[in-house]
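Chemist:
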Amino acid sequence: MSNYFKKLPNIDYVSRLPNAKIGEYMPVKNLFKRGTLRDDIFQDLSVFTKYKVSGDDRPDNVAYDFYDDSNLDWLVLLCNNIINIQSEWPMSQQGFDNYLIGKYTESGDSDTDTYNRIYNGVHHYETKQIKNSADVEILAEGLTVSPDYTLTYYDWLVDGYVNLLKGADEAYNTSLVTPINNYEYEAKIEDDKRNIFLLKPLYVSLVIDDLSEMMKYKKGSTEYISKSLKKAENIRLYQ
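Residue 229 in our numbering sits at position 223 of the sequence shown, with consecutive numbering throughout.
(1) Can you give the Cα-Cα distance for Val-20 and Ala-26, rounded to whole angstroms?
(2) Are there 16 or more other CB atoms within 10 angstroms of the CB of Ile-28, so buried, or fewer, so exposed?
(3) Using only the alpha-carbon positions, how far apart do Ile-304 and Leu-106 sit?
(4) Among Pro-153, Asp-103, Asp-154, which one has its Cα closest to the Cα of Tyr-189?
(5) In three-state terms, what does DSSP make of Lys-137?
(6) So the alpha helix (DSSP H) Glu-143 belongs to, where does it begin and stop?
(7) For His-129, I'd like the list of residues in its chain whose CB is within less than 7 Å of its CB, leaving aside the five on either flank, ordered along the chain.
(8) Check the C-beta distance from Asn-9 over to Trp-80 and give it rounded, since I have them as a contact under 8 Å.
(9) With DSSP as the reference, label Thr-228 as helix, strand or coil.
(10) Return the residue from the list Lys-199, Val-183, Asp-119 that minimises the CA-CA distance to Ile-91.
(11) Tell me whether Ile-202 is buried or exposed, calling it buried when 16 or more other Cβ atoms sit within 10 Å of its Cβ.
(12) Can you tell me which of Ile-231, Val-210, Glu-132 puts its alpha carbon nearest to the alpha carbon of Leu-84?
(13) Taking the beta strand (DSSP E) that Asp-18 falls in, what are its first and last residues?
(14) Only counting the same chain, and skipping five residues up and downstream in sequence, which positions put a Cβ closer than 7 Å to that of Glu-196?
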């Protein structure tokens with residue numbers, strides 16, 4: 007990320023150092039200035055490639071693997087509109103384990119209690135895929151439903167009668183729903199984070215040029231000093 011922060015322009019900000027004078031300023035990076043991909047690039051799927059993050063890989067690991075340059079980690083995040091890496095990037099295995107223990111441990115729990123709550127506690131129920139005798143999907147897989155969910159449908163190809171399909175009807179399926187435990191629920195969220203898009207190498211130089219231009223202050227803007235520096239208001243004068 008160091009290369010990205012180097013591109014950020016500065017703000018002449020009121021010094022907060024202990025011995026600073028009331029009118030003293032110091033340059034700091036403007037963290038509110040954020041780069042984005044141009045709409046014509048961001049909305050064009052043909053310039054991106056699907057990528058699945060492996061194991062404990064960080065954005066810099068992905069950048070090195072795909073671009074052969076770990077300093078392009080900021081581009082990996084930018085392509086996927088990731089702002090908060092702590093919550094939007096897949097956790098390491100150790101981090102995920104700690105997260106589960108922290109979330110599903112209750113006061114007074116033993117290790118066994120926590121384990122059972124994570125791996126045996128039901129988070130919700132989802133539908134199984136149901137097809138009729140003509141191989142036509144009647145019920146999609148993965149819909150969140152109540153544990154006693156039932157379904158009625160017509161299948162004339164079986165025996166010419168209207169058949170009732172429900173959880174206890176073994177004629178078609180022993181159950182319409184499957185329980186999803188807390189671990190499966192959390193693991194799916196993490197796995198979904200692993201599916202990202204990366205800008206094809208051919209377009210990287212274009213984005214870097216865009217970013218450099220984007221980070222410049224426009225002449226005439228509030229407190230403009232130069233393309234890379236503007237001055238913040240000195241609120242200490244009013245204290």
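Ideal Cβ positions, reconstructed from N, Cα and C, are used throughout, including at glycine.
Modeler: If we stick to the structure as given:
(1) 9 Å
(2) Exposed, since its Cβ has fewer than 16 Cβ neighbours within 10 Å.
(3) Not covered by the structure: residue 304. The range shown for the chain is 7 to 245.
(4) Asp-103
(5) strand
(6) Careful: Glu-143 lies outside any alpha helix (DSSP H), inside the beta strand (DSSP E) at 143-145.
(7) Ile-186, Asn-187, Asn-188, Tyr-191
(8) 7 Å
(9) coil
(10) Lys-199
(11) buried
(12) Val-210
(13) 16-20
(14) Pro-96, Met-97, Phe-102
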